[in-house]
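Written below as structure tokens is the structure these notes are about.
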Amino acid sequence: MTNPARRSFLRGILAVSVWGLLMALPRMAAAAWPAGAFRHKTVPGALKELLGNANLTTAPDEVKLTVTDLAENGAVVPITIESRLANVDSIIIFVDKNPSALVARFNLAPNVRPFIKTNIKMAETSHVIAVAKSGDKLYSTKKKVKVVLNGCGG
Amino acid sequence: MADTIKIRATLEGEITTVKAQIIHVMETGLFKNRTTGELIPAHFIQEVTCAHNGKVLLSAEWGIAVSKNPYIAFSFSGGKKGDAIKLTWLDNQGGTDSIETTIG
Chain F
0 MTNPARRSFL
10 RGILAVSVWG
20 LLMALPRMAA
30 AAWPAGAFRH
40 KTVPGALKEL
50 LGNANLTTAP
60 DEVKLTVTDL
70 AENGAVVPIT
80 IESRLANVDS
90 IIIFVDKNPS
100 ALVARFNLAP
110 NVRPFIKTNI
120 KMAETSHVIA
130 VAKSGDKLYS
140 TKKKVKVVLN
150 GCGG
Chain G
0 MADTIKIRAT
10 LEGEITTVKA
20 QIIHVMETGL
30 FKNRTTGELI
40 PAHFIQEVTC
50 AHNGKVLLSA
60 EWGIAVSKNP
70 YIAFSFSGGK
80 KGDAIKLTWL
90 DNQGGTDSIE
100 TTIG
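So the sequence lines, in the order shown, correspond to chains F and G.
At position 63 of the first sequence (counting the first as 1) the number is 62 in numbering that gives the first Met the number 0, and the numbers step up by one without a gap.
At position 55 of the second sequence (counting the first as 1) the number is 54 in numbering that gives the first Met the number 0, and the numbers step up by one without a gap.
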């Protein structure tokens, strides 16, 4: 049995949601770069914004972070992140006392090895946190780096 | 044009390693101009993409804390000598550049 009032109500909902979807599309396309996550000052805040999940499993054996103990110049701190976990789909780098905690995210295709080497800036002595995401799980390693000359201005 | 990027992709055994350096100021927007005292506007790369024969290998999202003249290295399996590797960057002021090389 069909109730005409219910039909028209359902049609209304459908129209509204199609409209909503169309309105949301250009914004989704423009929002490829996660501006909100890069604004956060804390690692959990940025992770929540980026992935909706900030549950880090500490895994120093599975996520290997190579970075100096003492950085003379915070403007160029070389780091290498390597993991022996399977199916790592992204590697995320944080510096917990930088003006914005999130440094970079690298999204990897399945045939890309969980290995990234790059240079980052550090504002002051703090922790570098490397996160390897495998499916829904986040594995991390952190290391304290002493910074002599700040690399972020101010 | 690809004046801003140096790239090399080398095959060793099964693994291709890609190493790239991009010439870019990576200005944070937090520094002041010493003469005028005014903040230097943020100018930094936000997105980097690297593709192998047209298929995306790596897509990166960067903030202001990637160093000036960014360097990146990564590696992947399934590459063969002569395959195309393309790297593209895009910054927060709409600047962009890309380069193509072959695996050697």
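C-beta atoms are modelled at their ideal positions from N, C-alpha and C, and glycine is treated no differently.
Legend entry - Q80 (chain G), enclosing alpha helix (DSSP H) - first and last residue: Here residue 80 (chain G) refers to the residue found at position 81 when the second sequence is read from its first residue. The amino acid at residue 80 (chain G) is misidentified as Gln; the sequence shows Lys. In this chain, K80 (chain G) is not harboured by any alpha helix (DSSP H), its DSSP state being neither H nor E.
Inset, instruction - Might you give, ordered along the chain, the residues of its own chain that have their beta carbon closer than 8 Å to the beta carbon of N86 (chain F), omitting 5 neighbours on each side? - result: Sequence index remark: in the first sequence, residue 86 (chain F) carries index 87 (1-based). Scanning its chain for C-beta atoms nearer than 8 Å, with the 5 sequence neighbours on each side dropped, one finds around N86 (chain F) the residues P109, S133, G134, in chain order.
Legend entry - Residues from the stretch 108-120 of chain F in contact with chain C, defined by Cβ distance under 7 Å: Among the protein chains of the structure shown, namely F and G, there is no chain C.
Legend entry - Secondary structure of E61 (chain F), DSSP reduced to three states: The residue labelled residue 61 (chain F) in the question sits at position 62 within the first sequence. Three-state DSSP puts E61 (chain F) in coil, outside helix and strand.
Legend entry - Outcome for R97 (chain F) when other beta-carbon atoms lying within 10 angstroms are tallied against a minimum of 16: Here residue 97 (chain F) is taken as the residue at index 98 of the first sequence, counted from 1. The identity of residue 97 (chain F) in the sequence shown is Asn, whereas the question assumes Arg. N97 (chain F) sits buried, since 16 or more C-beta atoms from the chains shown fall within 10 Å of its C-beta.
Inset, instruction - Run the CB neighbour count on V147 (chain F), radius 10 Å, all protein chains shown included, and call it buried at 16 or more, exposed below. - result: Here the question's residue 147 (chain F) lines up with position 148 in the first sequence. Classification of V147 (chain F): exposed, given that the 10 Å Cβ count is below 16.
Legend entry - Closest residue to T100 (chain G) among G:E13, G:D82, G:D90 (Cα-Cα distance): If you number the second sequence from 1, residue 100 (chain G) lands on position 101. It is G:D82 whose Cα lies nearest to the Cα of T100 (chain G).
Inset, instruction - Tell whether a beta-carbon distance below 8 Å holds between L137 (chain F) and H39 (chain F). - result: The count along the first sequence starts at 1 and reaches residue 137 (chain F) at position 138. The count along the first sequence starts at 1 and reaches residue 39 (chain F) at position 40. No, Cβ-Cβ distance for L137 (chain F) and H39 (chain F) is not below 8 Å.
Inset, instruction - For S99 (chain F), collect the residues of the same chain with a Cβ closer than 8 Å to its Cβ; drop the 5 residues on either side in sequence, then sort them by chain order. - result: As a position in the first sequence, residue 99 (chain F) is number 100, starting the count at 1. Once the five neighbours on either side are set aside, the close Cβ partners of S99 (chain F) are F37, R38, H39, K40, A45.
Inset, instruction - Specify the secondary structure class of V24 (chain G) as computed by DSSP and reduced to three states. - result: Indexing the second sequence from 1 puts residue 24 (chain G) at position 25. Per DSSP, reduced to three states, the secondary structure at V24 (chain G) is coil, with no helix or strand assignment.
Legend entry - Within 8 Å of chain F by C-beta, residues of the stretch 59-78 of chain G in sequence order: Cβ contacts with chain F: A59, E60, W61, G62, I63, A64, V65, S66, K67, P69, Y70, I71, A72, F73, S74, F75, S76, G77.
Inset, instruction - Grab me the residues of V47 (chain G)'s own chain with a C-beta within less than 6 Å of its C-beta, minus the 5 sequence neighbours each way, in chain order. - result: On the second sequence, position 48 is the one that residue 47 (chain G) refers to. Contacts found: A59, W88.
Inset, instruction - Give a yes or no on whether the minimum CB-CB distance between A85 (chain F) and chain G is below 8 Å. - result: Taking the first sequence and counting its residues from 1, one reaches residue 85 (chain F) at position 86. By this cut-off, A85 (chain F) is not an interface position.
Inset, instruction - Specify, as a first and last residue, the run of the beta strand (DSSP E) that S104 (chain F) falls within. - result: In the first sequence, counting from the first residue as 1, residue 104 (chain F) sits at position 105. First, the residue type needs correcting, since residue 104 (chain F) is Arg and not Ser in the sequence shown. From DSSP, the beta strand (DSSP E) with R104 (chain F) extends over 101-107.
Legend entry - CB contact below 8 Å: S139 (chain F) versus chain G: Your numbering for residue 139 (chain F) matches position 140 in the first sequence. Output row for S139 (chain F): interface = no.
Legend entry - Which residues DSSP lists as bridging D90 (chain G), in chain order: Start at 1 with the first residue of the second sequence, and residue 90 (chain G) comes out as number 91. For D90 (chain G), the pairing in a beta bridge is given by DSSP as G:I44.
Inset, instruction - Determine the burial state of V24 (chain G): buried for a count of at least 16 other Cβ atoms within 10 Å of its Cβ, exposed for fewer. - result: Residue 24 (chain G) sits at position 25 when you count from the first residue of the second sequence. Residue burial annotation: V24 (chain G) is exposed, with fewer than 16 other C-beta atoms found within 10 angstroms of its C-beta.
Inset, instruction - Identify whether I47 (chain F) lies in helix, strand or coil by the three-state DSSP scheme. - result: For the purposes of this step, residue 47 (chain F) is identified with residue 48 of the first sequence, where counting begins at 1. Correcting the residue identity first, residue 47 (chain F) is Lys in this sequence and not Ile. Residue state for K47 (chain F) is assigned as helix, using DSSP reduced to three classes.
Inset, instruction - Can you pull the chain F residues whose beta carbon is under 9 Å from the beta carbon of L57 (chain G), in chain order? - result: For the purposes of this step, residue 57 (chain G) is taken as residue 58 along the second sequence, with counting starting at 1. The contact set of L57 (chain G) on chain F, defined by CB atoms closer than 9 Å, consists of F105, N106, L107, A108, V111, I115 in chain order.
Inset, instruction - Quick one: using the 10 Å Cβ neighbour count with 16 as the cut-off for buried, is T15 (chain G) buried or exposed? - result: By one-based count along the second sequence, residue 15 (chain G) stands at place 16. Buried, since its Cβ has 16 or more Cβ neighbours within 10 Å.
Legend entry - CA nearest to the CA of G12 (chain G), picked from G:K80, G:T27, G:R33: As a first step, residue 12 (chain G) must be located in the second sequence, where it is residue number 13. Of the candidates G:K80, G:T27, G:R33, the one whose C-alpha sits nearest the C-alpha of G12 (chain G) is G:K80.
Inset, instruction - Indicate whether K47 (chain F) and T140 (chain F) have their beta-carbon atoms separated by less than 8 Å. - result: Residue numbering aside, residue 47 (chain F) sits at position 48 when the first sequence is read from its first letter. Residue numbering aside, residue 140 (chain F) sits at position 141 when the first sequence is read from its first letter. No, these two residues do not count as a Cβ contact at 8 Å.
Inset, instruction - Closer than 9 Å, Cβ to Cβ, to anything on chain G: give me those residues from the stretch 50-83 of chain F, in chain order. - result: The stretch 50-83 of chain F vs chain G, Cβ under 9 Å: A74, V75, V76, P77, T79.
Legend entry - Neighbour flag for L29 (chain G) against chain F, beta carbons, 8 Å: Here the question's residue 29 (chain G) lines up with position 30 in the second sequence. Judged by the 8 Å Cβ criterion, L29 (chain G) is in contact with chain F.
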